[in-house]
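**Q** In terms of the numbering used here, the sequence shown opens at residue 209 and continues consecutively.
I'd like to ask you about the structure that follows.
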Amino acid sequence: MTSICFDTAFLIDFLRGNKQAYSYYMKTRGKSVVFATTSINIFELFRGIEKRGRKSQDEQAARKLLSRLIIWNLDYDSAEYASTIFTKLERKGTPIPINDCFMAAIAVRNGCTQIVSEDRHFERIEQITMEKYLE
Numbered sequence: 209m210t211s212i213c214f215d216t217a218f219l220i221d222f223l224r225g226n227k228q229a230y231s232y233y234m235k236t237r238g239k240s241v242v243f244a245t246t247s248i249n250i251f252e253l254f255r256g257i258e259k260r261g262r263k264s265q266d267e268q269a270a271r272k273l274l275s276r277l278i279i280w281n282l283d284y285d286s287a288e289y290a291s292t293i294f295t296k297l298e299r300k301g302t303p304i305p306i307n308d309c310f311m312a313a314i315a316v317r318n319g320c321t322q323i324v325s326e327d328r329h330f331e332r333i334e335q336i337t338m339e340k341y342l343e
């Protein structure tokens, strides 16, 4: 079964009612696909909720969405692999944010190479196929 890992931007857009994010989710869910995200994305999502100040309403919606996803955590192997990704890109002069290195490493270590995002820097990671959801 194929796995798809949702980036934080997708989760936020979906929660805000973005039609393209919702459409992507609906058209993909009918296939033999496992939807996932990472503990890093959960941190980013709830950090944003805290900053907005509408905590209870947004938290409830976020928890409902997250309950439908597999959550992959940062473990030893993922952390080590993230350092490899980060260092390799840094040496090329094309570093990406460390949190996205963590996310990509967690996904790859869980057998997932497809990330749904609008952040083009995921394209710099050889093992990752980035799928856009906005047109």
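Positions of the beta carbon are idealized from the N, C-alpha and C atoms, including for glycine.
Is it a yes or a no for the stretch 281-296 touching the stretch 305-322, going by three-plus beta-carbon pairs under 8 Å?
**A** The stretch 281-296 makes contact with the stretch 305-322; the number of CB pairs closer than 8 Å reaches 3 or more.
**Q** Could you compute how far the alpha carbon of Q255 sits from the alpha carbon of L219?
**A** Note on identity: in this sequence residue 255 is Arg, with Gln being the wrong assignment. So the two alpha carbons sit approximately 13 Å from each other.
**Q** Cα-Cα, which of Y232, A270, L342 is closest to N249?
**A** A270
**Q** Might you give, ordered along the chain, the residues of its own chain that have their beta carbon closer than 7 Å to the beta carbon of M338, omitting 5 neighbours on each side?
**A** The beta carbon of M338 sits closer than 7 Å to the beta carbons of I323, S325, F330, E331 from its chain, once the five residues preceding and following it are set aside; these are given in chain order.
**Q** With respect to the beta strand (DSSP E) encompassing Q265, which residues constitute its N-terminal and C-terminal limits?
**A** First-last for Q265: 263-274, but that is the alpha helix (DSSP H), not the beta strand (DSSP E).
**Q** Mark I306 as exposed unless 16 or more other C-beta atoms lie within 10 angstroms of its C-beta, in which case mark it buried.
**A** By the 10 Å Cβ count, I306 comes out exposed.
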